[in-house]
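Peer 1:
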Amino acid sequence: MQKQNDHSDPRLIEALVRRSYGRLLAMLSARSGDLASAEDALATAFEIALKNWPEQGTPSNPEAWLFTVARRQLIDLARSAKTQHQHQEELSYLFDEAVIECDPLAIPDQRLALMFACTHPAIDRNIRAPLMLQTLLGFDAASIASAFLIAPSSMAQRLVRAKHKIRVAGIRFNIPDQSAIRDGLDAVLDAIYSIYTTAWSQSSDGDIQHGNLAEEALWLTQLLSELAPQEPEVFGLFALMLYAESRHAARQDMDGNYVPLQEQNCQLWDLKKIEQAEHYLRHASSMQRSGRFQIEAAIQSAHTVRIHRGKADWHAINKLYAQLYRLTDSPVVAINHAVALAEIIEPQIALAQLEQLSNNTELKERLNNYQPYWAASAHLHERCGNRDAAKHAYQQAIGLCTNQIARGFLQKRLRQMS
1 MQKQNDHSDP RLIEALVRRS YGRLLAMLSA RSGDLASAED ALATAFEIAL
51 KNWPEQGTPS NPEAWLFTVA RRQLIDLARS AKTQHQHQEE LSYLFDEAVI
101 ECDPLAIPDQ RLALMFACTH PAIDRNIRAP LMLQTLLGFD AASIASAFLI
151 APSSMAQRLV RAKHKIRVAG IRFNIPDQSA IRDGLDAVLD AIYSIYTTAW
201 SQSSDGDIQH GNLAEEALWL TQLLSELAPQ EPEVFGLFAL MLYAESRHAA
251 RQDMDGNYVP LQEQNCQLWD LKKIEQAEHY LRHASSMQRS GRFQIEAAIQ
301 SAHTVRIHRG KADWHAINKL YAQLYRLTDS PVVAINHAVA LAEIIEPQIA
351 LAQLEQLSNN TELKERLNNY QPYWAASAHL HERCGNRDAA KHAYQQAIGL
401 CTNQIARGFL QKRLRQMS
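Numbering of the sequence shown is given in the UniProt record's numbering, commencing with residue 1 and proceeding in unit increments.
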């Protein structure tokens, strides 16, 4: 394979990991379903690249080079396997393609299949997002564990079990047809959104910084929009995350204190990202198949009205929350709806709506351990002038808060009531 004359910068290989890791891994594991072996082979290929490219120059087609080296690693693994018959299909497939110099760009993109494999019903819901981070983006278990506040050893074990389940259960890496995409899309979008919300829940000293993890979620959604362009909810999620990203600079003041949405300086919002979000939301709406993420994005759009009118469109926000609750029947949506309702009616009515949730015996225990419920309760009690109840709710919210910046904000509000 022809080489470029320049010497390789290790940063080039890092960029290739970002751009090509998921694509290469999906192709390598497409037939065998053995993620672990494919990951090991690809890691070896990158190690060889780091050793050889600085001396020999960058290949003219780096992806093809990495794919060829990793595939040969898999062939060697299959040859040396004690129970070679278990690898016969994989070995046959690899030998068939090994006779030619294979250009990965000429092979159908299998990353969509890999996304759906990560969210297969046989895979535990809590490990889907971490599995997607590792298999599609190449994050190591320690970094993922830091992001999800789990011990590295526990995360590594869960990831290994998930990959083992994919192999044992015979989960295939087939590119889904349109009906299958729609059937499994919610799980894929939930996993991506879980990655993004994890970025927002992290304190500033996490191993995976907000920008890194949030950008990866946006990148996955961009990829999904290219692989499934007919699905409006993909663009709805894209818009939702871009609205949130547009307010990144306004979420903390000069001293690093958390600033809630209603109190943010909207002049600090990123208008370019808002314009992008509006574009994707309009595109999703044009397909005339409404869904959860489109409604949530529309709520965020109604908040951006404050840039021009001086206040959010609370009437639209409340109608959208009502629509979202009918769709999801989610207590989380009900909590947000109650807070928004206080902007257009007496806060006592909004508080009564919130407290109705705690009267539900099935929800009571869950809400007692749910920090946003207590934060919302504290806010509404404070607005109603119920100082003792507000203080109690603030104390509960502070005790349940895992984000250092958000905890500081709640503690400040509690002090101001003293």
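Idealized CB from N, CA, C, for every residue including glycine.
Every value quoted in this text rests on a predicted model; they were computed, and no experiment measured them.
Go ahead and pull the three-state DSSP assignment for proline 62.
Peer 2: helix
Peer 1: Got a sec, what are the start and stop residues for the alpha helix (DSSP H) valine 305 sits in?
Peer 2: Note, valine 305: premise wrong, no alpha helix (DSSP H); not H, not E.
Peer 1: At the level of alpha carbons, what is the spacing between phenylalanine 173 and leucine 341?
Peer 2: Cα to Cα, phenylalanine 173 sits roughly 46 Å from leucine 341.
Peer 1: Using 8 Å as the threshold, is the C-beta distance between isoleucine 75 and alanine 117 below it?
Peer 2: no
Peer 1: Between which two residues does the alpha helix (DSSP H) holding valine 168 run?
Peer 2: 152-168
Peer 1: Could you tell me which residues DSSP pairs with tyrosine 258 in its beta bridges?
Peer 2: Gln252
Peer 1: Do isoleucine 192 and leucine 220 come within 8 Å of each other at the CB atom, strictly closer than that value?
Peer 2: yes
Peer 1: So alanine 302 and alanine 239 are supposed to be a Cβ contact under 8 Å. How far apart are they, rounded?
Peer 2: Between the beta-carbon of alanine 302 and that of alanine 239 there is about 13 Å, and that puts the pair past the 8 Å contact cut.
Peer 1: Exposed or buried, methionine 155, counting other C-beta atoms within 10 Å across all chains shown (16 or more means buried)?
Peer 2: buried
Peer 1: For leucine 320 and isoleucine 299, I'd like the C-alpha separation in whole angstroms.
Peer 2: The alpha-carbon atoms of leucine 320 and isoleucine 299 are separated by roughly 6 Å.
Peer 1: Leucine 268: buried (16+ other C-beta within 10 angstroms of its C-beta) or exposed?
Peer 2: exposed
Peer 1: Quick check on this structure: which residue in Leu400, Ala376, Gly399, Asn403 has the alpha carbon closest to the alpha carbon of alanine 390?
Peer 2: Checked all of Leu400, Ala376, Gly399, Asn403; the closest Cα to alanine 390 is Ala376.
Peer 1: If we count the other Cβ atoms within 10 Å of its Cβ and call it buried at 16 or more, is methionine 417 buried or exposed?
Peer 2: exposed
Peer 1: Looking at the structure shown, is asparagine 318 part of a helix, part of a strand, or coil, going by DSSP?
Peer 2: helix
Peer 1: Taking buried to mean at least 16 other C-beta atoms within 10 Å of its own C-beta, is glycine 291 buried or exposed?
Peer 2: buried
Peer 1: How about alanine 30 and alanine 122: are their beta carbons less than 8 Å apart?
Peer 2: no
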